[in-house]
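Asker:
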Amino acid sequence: MDGFTIVVTAFLVVSVLVFLLIGRYHPKTGSEVLDWKPTRSQEDEVRLELEDVDQMLEAQNERRRRAGREELTEEGMQAEVDRHHRERRERSRQYREPG
25 MDGFTIVVTA FLVVSVLVFL LIGRYHPKTG SEVLDWKPTR SQEDEVRLEL
75 EDVDQMLEAQ NERRRRAGRE ELTEEGMQAE VDRHHRERRE RSRQYREPG
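Numbering follows the working numbering, in which position 91 of the sequence shown is assigned residue number 115; successive positions increment by one, without gaps.
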């Protein structure tokens with residue numbers, strides 16, 4: 025290798041090490057340095073998620089009413105999801121077991 029390649033490679037390695045050490049030993053976290061704060065609190069996220077579920081369920085029920093089908097409840101949907109999970113676990117178990 026010529027001298028230029030060695031100098032450039034050494035400079036890059038030292039630069040990366042310096043940045044890693046600065047990041048590791050800096051007293052503040054990245055979010056503190058950037059003064060980053062989440063746009064919504066965790067409580068707001070949970071509330072919005074529950075509202076979304078209610079809105080989606082109501083939209084599904086509106087379509088089901090127009091089609092003459094029975095309405096869905098949140099408990100019914102949870103039971104359906106649980107049933108699918110059980111079926112998937114059972115299929116997975118069958119594929120994993122030899123024979």
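For glycine and all other residues, C-beta sits at the position ideal for the given N, C-alpha and C.
Whole-angstrom Cβ separation of residue 94 and residue 88, contact assumed at under 8 angstroms?
Answerer: Residue 94 to residue 88, Cβ: 7 angstroms. Contact.
Asker: Give the DSSP-derived three-state secondary structure of residue 41 in the structure shown.
Answerer: Helix.
Asker: If you follow the alpha helix (DSSP H) that residue 101 is part of, which residue opens it and which one closes it?
Answerer: 98-120 is the span of the alpha helix (DSSP H), which, as asked, contains residue 101.
Asker: Going by beta-carbon coordinates alone, are residue 98 and residue 68 separated by less than 9 angstroms?
Answerer: Contact flag unset, no.
Asker: Taking C-beta to C-beta, are residue 64 and residue 72 nearer than 9 angstroms?
Answerer: Going by C-beta atoms, residue 64 is nearer than 9 angstroms to residue 72.
Asker: Cβ atoms of residue 84 and residue 74: under 9 angstroms apart, would you say?
Answerer: Against a cut-off of 9 angstroms, the Cβ pair of residue 84 and residue 74 comes out as no contact.
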